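Residue numbers (our numbering): 3 to 160.
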């Protein structure tokens, strides 16, 4: 039985984003189910680049889970969360739960950290952004050598 995250939450009696009347994205509001739908997980076709490319062409995206080692991603997330906490004091520490549970405090709109080198060029962040596993995946999907820019785009959720 392969359930989506939303279906799993519903089976457990938990509320999901689909239960909301509307969801704000930037300055716009969208209605779940009509304007917003759960993303299709493409992890099951990870080893089939031609199918991934077709999904990108059809849907405009692919959602892939577990491509990178969790420890690698956690190290990068820790760098971002620590900087947001120490530099801007915008991490809600009341809820606890460690790096993965870290959320923006109050009504923070999130941060766009484009080019903020202490974060974007930290070795742990670069290990995620420029990971050879991702480069090989992109090369297989797009049948060309991927390129990365020196300017990195790192954004935090709202």
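Built from N, CA and C at the ideal position, the CB exists for glycine as well. What you are looking at is a predicted structure, and each value in this text was computed from that prediction instead of being measured.
- With contacts defined as CB atoms closer than 8 Å, residue 112 and residue 158 qualify as a contacting pair.
- In the structure shown, residue 34 adopts extended strand secondary structure according to DSSP, grouped into three states.
- Three or more beta-carbon pairs separated by less than 8 Å are not found between the stretch 45 to 61 and the stretch 74 to 88, which leaves the two stretches without contact.
- The alpha-carbon separation between residue 134 and residue 120 amounts to approximately 22 Å.
- The three-state secondary structure of residue 102, taken from DSSP, is helix.
- The shortest C-alpha to C-alpha distance from residue 63 to any of 136, 43, 73, 17 is the one to 43.
- Sixteen is the threshold: when 16 or more other Cβ atoms of the shown chains lie within 10 Å of the Cβ of residue 122, as they do, the residue is buried.
- Distance from the Cα of residue 39 is smallest, within the candidate group 139, 18, 50, 48, for 18.
- Between residue 150 and residue 132, the C-beta spacing is below 8 Å.
- For the pair residue 137 and residue 51, the CB atoms are not nearer than the 8 Å cut-off.
- Closest in alpha carbon position to residue 115, among 20, 34, 53, 154, is 154.
- The shortest CA-to-CA distance from residue 21 to any of 127, 35, 69, 152 is the one to 35.
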